[in-house]
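Using the numbering used here, the first residue of the sequence shown is number 428, and each one after it goes up by one. Reading through the structure tokens given below for one structure.
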Amino acid sequence: MKKMQEKKDIRQLSLEELVLYFEKAGEKKFRATQVYEWIWKKGAVSFDEMTNLSKSLRLFLEENFFFHKAIITEKHKSKDKTLKTVFSLFDEALVEGVLIPTSTRVTACISTQVGCPLKCVFCATGSMGYLRNLSAGEIFDQVVLLSKLAKEAYRLSLTNIVVMGMGEPLLNYKNTLIAIKGITSPSGLGMSPDRITLSTAGIPEMIRKLADDKIKFNLSVSLHSANDMKRNRLMPVNSTHPLDEISKAIEYFHEKTGIRVTFEYLLLGGFNDQLTDAQQLAVFCKKFPVKINLIEYNETENSEFKRSKPEDVLAFEDFLKNKNMLVQVRRSRGQDIAAACGQLVKNIKSGNYDKKLKKND
Numbered sequence: 428m429k430k431m432q433e434k435k436d437i438r439q440l441s442l443e444e445l446v447l448y449f450e451k452a453g454e455k456k457f458r459a460t461q462v463y464e465w466i467w468k469k470g471a472v473s474f475d476e477m478t479n480l481s482k483s484l485r486l487f488l489e490e491n492f493f494f495h496k497a498i499i500t501e502k503h504k505s506k507d508k509t510l511k512t513v514f515s516l517f518d519e520a521l522v523e524g525v526l527i528p529t530s531t532r533v534t535a536c537i538s539t540q541v542g543c544p545l546k547c548v549f550c551a552t553g554s555m556g557y558l559r560n561l562s563a564g565e566i567f568d569q570v571v572l573l574s575k576l577a578k579e580a581y582r583l584s585l586t587n588i589v590v591m592g593m594g595e596p597l598l599n600y601k602n603t604l605i606a607i608k609g610i611t612s613p614s615g616l617g618m619s620p621d622r623i624t625l626s627t628a629g630i631p632e633m634i635r636k637l638a639d640d641k642i643k644f645n646l647s648v649s650l651h652s653a654n655d656m657k658r659n660r661l662m663p664v665n666s667t668h669p670l671d672e673i674s675k676a677i678e679y680f681h682e683k684t685g686i687r688v689t690f691e692y693l694l695l696g697g698f699n700d701q702l703t704d705a706q707q708l709a710v711f712c713k714k715f716p717v718k719i720n721l722i723e724y725n726e727t728e729n730s731e732f733k734r735s736k737p738e739d740v741l742a743f744e745d746f747l748k749n750k751n752m753l754v755q756v757r758r759s760r761g762q763d764i765a766a767a768c769g770q771l772v773k774n775i776k777s778g779n780y781d782k783k784l785k786k787n788d
């Protein structure tokens, strides 16, 4: 067997594409399945690990494909046992992930982009600029590494995944879904899709695409206000994708999938936490069944917003419950290590890397 073409990232290929590639190279079809399972079920990140393949086949793979793997370079443990990790990528880019434990389960929060292009004003990640999308393999590696870390740190298996880390996953649609397929497929890690939640700032056409692609995992929308003027201020993306468009996309999504969407609502003191805001939210939610997570704000450096008063949080929650809405207050975890919602940001020290970030900002 000889080199076919320029090297490809092997984890960007579906099983069907891998089979086709092997057939063209004169290799048996079942070998492609073996390689696929090494990658997605066993988490292999080198061809030398694939010990049931011949040396000549491993050499062929080495000549035609590559792995861009993520590695953990930092760990920070919170007083509440939350763990924040820093992942280093092939190009020295850094992203962060989080493990959130309870007594019976562990949730991993993973990233999909280096930085984020959406610049939500309450989110620390938006302040670091945007460099690139993560590959499917880099997203998948976070899950494999965090799963191992969960067993080491808590003696528990990873039970849930939230795609709520750095970046907007629906702006990295293909790679995010390839990774989720690897996580949920019987030929991969085999995790149930209902244990995975993808969070988006609200990209209507991509929410519709999720519905058309018949996804099985959960969808969460970062709403934060049911008032366009307020949401425009918080999330610049709302100026191009206003609430009416998001509402129609969610209606479509629910009709096609039957999945109840969750709204994430960050309570900001004196800005979006009054009863008039709760009333607007209740009206917005009339067209589809939803669950609402009210989130306590984690103040970041130089933030213009403040945390809501406890009495305002309680009044907001009670108002929605009196409207027979499914609502809960999500308590913050990992604040002391900047691992809580909206706090993920990695300060890059490398001069070359910093220049790249600024160029893409």
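Glycine is no exception: its CB is placed at the ideal position from the N, C-alpha and C atoms. Keep in mind it's a predicted model, so treat the numbers as computed, not measured.
Fill in: Own chain partners of TYR600 with C-beta closer than 8 Å, once the 5 adjacent residues on each side are dropped
Mapped onto the sequence shown, residue 600 falls at position 173. Cβ-Cβ distances below 8 Å link TYR600 to MET633, LYS636 in the same chain, with the five nearest sequence neighbours on each side left out; the list follows chain order.
Worksheet item: Is ASN720 helix, strand or coil when you go by DSSP?
Response: Counting from 1 along the sequence shown, the entry for residue 720 is found at position 293. Note: ASN720 maps to strand in three-state DSSP.
Discussion item. Assuming contact is defined by CB atoms lying nearer than 9 Å, are TYR724 and LYS733 in contact in what I supplied?
Written reply: For the purposes of this step, residue 724 is taken as the residue at position 297 of the sequence shown. For the purposes of this step, residue 733 is taken as the residue at position 306 of the sequence shown. Contact: yes.
Fill in: DSSP state of ALA606 mapped onto helix, strand, coil
Walking along the sequence shown from the start, residue 606 turns up at place 179. Under the three-state reduction of DSSP, ALA606 is assigned to helix.
Worksheet item: What residues are listed by DSSP as bridge partners for ALA535?
Response: Translated into the one-based positions of the sequence shown, residue 535 becomes position 108. Per DSSP, LEU526, ILE588.
Worksheet item: From which residue to which residue does the beta strand (DSSP E) around GLY499 run?
Response: Locating residue 499 in the sequence shown gives position 72, where the first residue counts as 1. Looking at the sequence itself, residue 499 is Ile, so the reference to Gly does not match. Following the DSSP letters along the chain, one finds ILE499 inside the beta strand (DSSP E) bounded by residues 498-504.
Item to complete: Output yes or no for whether 9 Å exceeds the beta carbon distance between SER674 and PHE644.
Response: Here residue 674 refers to the residue found at position 247 when the sequence shown is read from its first residue. Here residue 644 refers to the residue found at position 217 when the sequence shown is read from its first residue. Not in contact: SER674 and PHE644 (Cβ atoms no closer than 9 Å).
Discussion item. Going by C-alpha to C-alpha distance, which of SER515, LEU445, ARG757, GLY629 sits closest to ASN665?
Written reply: Mapped onto the sequence shown, residue 665 falls at position 238. Of SER515, LEU445, ARG757, GLY629, the smallest CA-CA separation from ASN665 is found for GLY629.
Item to complete: Determine whether the Cβ of ASN720 lies closer than 9 Å to any Cβ atom of chain E.
Response: No chain E appears in this structure, which consists of one protein chain only.
Fill in: Beta-carbon spacing of CYS547, GLY553 below 9 Å
Start at 1 with the first residue of the sequence shown, and residue 547 comes out as number 120. Start at 1 with the first residue of the sequence shown, and residue 553 comes out as number 126. Result yes, Cβ atoms of CYS547 and GLY553 sit closer than 9 Å.
Worksheet item: Straight-line CA distance for TYR780 to GLU464?
Response: For the purposes of this step, residue 780 is identified with residue 353 of the sequence shown, where counting begins at 1. For the purposes of this step, residue 464 is identified with residue 37 of the sequence shown, where counting begins at 1. For TYR780, the predicted model reports a pLDDT of 46, less than 50, meaning its position is unreliable and no value from the coordinates is stated.
Discussion item. Among the candidates VAL570, LYS502, VAL446, whose CA atom is the shortest distance from the CA of GLY617?
Written reply: As a working note, residue 617 is residue 190 in the sequence shown. Ranking VAL570, LYS502, VAL446 by Cα distance to GLY617 puts VAL570 first.
Fill in: Bridge partners - ILE677, DSSP secondary structure assignment
Position 250 of the sequence shown holds residue 677. Beta-bridge pairing by DSSP links ILE677 to no other residue.
Worksheet item: In whole angstroms, what is the alpha-carbon distance linking VAL446 and ARG438?
Response: Taking the sequence shown and counting its residues from 1, the one referred to as residue 446 is at position 19. Taking the sequence shown and counting its residues from 1, the one referred to as residue 438 is at position 11. Using only the alpha carbons, I get a separation of about 13 Å.
Discussion item. Within a Cβ cutoff of 7 Å, which residues of the same chain sit near LYS502, ignoring the five residues on either side of it in sequence?
Written reply: Taking the sequence shown and counting its residues from 1, the one referred to as residue 502 is at position 75. Result list for LYS502: LEU510, THR512, in chain order.
Practice prompt. Could you tell me whether the stretch 571-583 touches the stretch 523-539, where touching means 3 or more Cβ pairs closer than 8 Å?
Written response: In this structure the stretch 571-583 lies against the stretch 523-539, because at least three pairs of beta carbons, one per stretch, are closer than 8 Å.
Practice prompt. Determine the DSSP secondary structure at ARG687, reduced to helix, strand or coil.
Written response: The residue given as residue 687 occupies position 260 in the sequence shown. In the structure shown, ARG687 adopts coil according to DSSP, grouped into three states.
Worksheet item: What residue does the beta strand (DSSP E) around LYS511 start on, and which one ends it?
Response: Start at 1 with the first residue of the sequence shown, and residue 511 comes out as number 84. Run containing LYS511: 510-515, per the beta strand (DSSP E) assignment.
Item to complete: In angstroms with no decimal places, state the Cα-to-Cα distance between ASN751 and ARG687.
Response: Numbered from 1 along the sequence shown, position 324 holds the residue referred to as residue 751. Numbered from 1 along the sequence shown, position 260 holds the residue referred to as residue 687. Looking at the two C-alpha atoms, the distance is approximately 15 Å.
Item to complete: Take ASN491 as the anchor and find which of VAL522, PHE517, LYS435, GLU682 has the nearest alpha-carbon.
Response: Against the sequence shown, residue 491 aligns to sequence position 64. Per the C-alpha coordinates, the member of VAL522, PHE517, LYS435, GLU682 positioned closest to ASN491 is LYS435.
Worksheet item: Which term fits MET656, buried or exposed, when burial requires 16 or more other beta carbons within 10 angstroms of its beta carbon?
Response: As a position in the sequence shown, residue 656 is number 229, starting the count at 1. When all chains shown are included, MET656 counts as exposed.
Worksheet item: Anyone know if the C-beta pair for GLN540 and LEU598 falls short of 9 Å?
Response: For the purposes of this step, residue 540 is identified with residue 113 of the sequence shown, where counting begins at 1. For the purposes of this step, residue 598 is identified with residue 171 of the sequence shown, where counting begins at 1. The answer is yes: Cβ separation under 9 Å.
Practice prompt. Could you spell out where the beta strand (DSSP E) holding ILE623 opens and where it closes?
Written response: Indexing the sequence shown from 1 puts residue 623 at position 196. Note, ILE623: beta strand (DSSP E), 623-627.
Worksheet item: GLN755 bridges to which residues according to DSSP?
Response: The sequence position of residue 755 within the sequence shown is 328, counting from 1. Note: GLN755 is bridge-paired with ASN720 in the DSSP secondary-structure output.
Worksheet entry | VAL548, enclosing beta strand (DSSP E) - first and last residue | Position 121 of the sequence shown, counting from 1, holds the residue named residue 548. If you look at VAL548, you'll find it isn't in any beta strand (DSSP E); DSSP assigns it neither H nor E.
Worksheet item: Tell me, which residues are paired with LEU693 by DSSP?
Response: Your numbering for residue 693 matches position 266 in the sequence shown. Per the DSSP secondary-structure output, LEU693 pairs in a beta bridge with ILE722.
Worksheet item: When DSSP labels each residue in this structure, what does ASN749 get in the three-state scheme?
Response: Taking the first residue of the sequence shown as position 1, residue 749 is located at position 322. Note: ASN749 maps to helix in three-state DSSP.
Discussion item. Does the distance between the C-beta of LEU616 and the nearest non-hydrogen atom of the ligand HEM fall short of 8 Å?
Written reply: What this structure holds is no ligand at all, so the ligand HEM is not there to describe.
Item to complete: Out of PHE457, PHE493, ILE537, ALA638, point me to the one whose CA is closest to GLY685's CA.
Response: Here residue 685 is taken as the residue at index 258 of the sequence shown, counted from 1. Nearest C-alpha to GLY685: ALA638.
Worksheet entry | As assigned by DSSP and simplified to three states, the class of GLY542 | Residue numbering aside, residue 542 sits at position 115 when the sequence shown is read from its first letter. Looking at GLY542 - three-state DSSP - the assignment turns out to be strand.
Worksheet entry | Between the CA atoms of GLU672 and LYS575 - distance to the nearest angstrom | To locate residue 575, count along the sequence shown from 1; it is residue 148. To locate residue 672, count along the sequence shown from 1; it is residue 245. Cα-Cα distance, rounded: 40 Å.
Worksheet item: With a CB to CB cut of under 6 Å and the five nearest residues on each side skipped, what residues in its chain are close to ILE623?
Response: Your numbering for residue 623 matches position 196 in the sequence shown. Same-chain partners within the cutoff: ILE588, PHE644.
Practice prompt. Check whether the Cβ atoms of SER538 and MET593 sit closer than 9 Å, and answer yes or no.
Written response: The sequence position of residue 538 within the sequence shown is 111, counting from 1. The sequence position of residue 593 within the sequence shown is 166, counting from 1. Yes; because the gap between Cβ atoms is below 9 Å, this pair is in contact.
Worksheet entry | Beta carbon of LEU721 nearer than 9 Å to that of TYR692 | Along the sequence shown, one-based indexing puts residue 721 at 294. Along the sequence shown, one-based indexing puts residue 692 at 265. Contact flag set, yes.
Worksheet item: How long is the line joining the alpha carbons of GLY697 and GLU595, rounded to whole angstroms?
Response: Residue numbering aside, residue 697 sits at position 270 when the sequence shown is read from its first letter. Residue numbering aside, residue 595 sits at position 168 when the sequence shown is read from its first letter. The straight-line gap from Cα to Cα measures roughly 27 Å.
Worksheet item: Looking at the structure shown, is VAL462 part of a helix, part of a strand, or coil, going by DSSP?
Response: Locating residue 462 in the sequence shown gives position 35, counting from the first residue. In the structure shown, the three-state DSSP call for VAL462 is helix.
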